[in-house]
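Everything in the sequence shown is counted per the working numbering, starting at 25 for the first residue and increasing by one.
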Amino acid sequence: MRFKIGSFIDRGLDHINNDQVCQDAVIASKLDDRFLIAVSDGAGSAKKSDEGSKLLLECVDIKFKELSNNTPLEIANVTDLVMGAVDDFRVKCASFEGEECLRDFACTLVGAVGDAAGACIAFHLGDGAVLIASRSEE
25 MRFKIGSFID RGLDHINNDQ VCQDAVIASK LDDRFLIAVS DGAGSAKKSD EGSKLLLECV
85 DIKFKELSNN TPLEIANVTD LVMGAVDDFR VKCASFEGEE CLRDFACTLV GAVGDAAGAC
145 IAFHLGDGAV LIASRSEE
């Protein structure tokens, strides 16, 4: 199976008009015969949500790369991956010096892990949605 992954992020009109940075982040990663794709939307009310969305995806990618190809692609294993990444994210946010608190890095997480055999498991924290479509190659 071939993987085709694309992404596009655009700073919204409100962000442009209010001179705010884009608070969204996306990651696509491949390891052996598995892939990860995830997006994170920073909460507009949080001071450092743009940093939070990027940091959370870095944590997810690290956990994904720790998965062995021998680890079955099952809901429990993907749940462990996501929750492990969230735990790491919280620890990293807490380690920043200054006045920041976890809430300042608030963001959502939506993504999927799949493999060349066609298995795919989606995950979702916060608001957002994920759509998985498949079509046979012609």
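Heads up, the beta-carbon is just placed ideally off N, CA and C, and yes, glycines get one too.
Keep in mind that this is a model prediction, so the values were computed, not measured.
In this structure, A62 lies away from C131, with their beta-carbon atoms at least 9 Å apart. Per the Cβ contact rule, the segment 85-103 is in contact with the segment 135-143 (3 or more Cβ pairs under 8 Å). Non-local beta-carbon contacts of D85 in its own chain, meaning distances under 6 Å to residues more than five positions away in sequence, involve I51 and S53 in chain order. With 16 or more other Cβ atoms from the protein chains shown falling within 10 Å of its own Cβ, L81 counts as buried. Beyond the five residues adjoining it in sequence on each side, E124 comes within less than 8 Å, by CB distance, of K71, K72 and C117 in the same chain, given in chain order.
F147 carries a strand assignment under DSSP once its states are collapsed to helix, strand and coil.
Counting other Cβ atoms within 10 Å of its Cβ, D57 stays below 16 and is therefore classed as exposed.
Using a 10 angstroms sphere on the CB of S92, the tally of other CB atoms stays under 16, which defines it as exposed.
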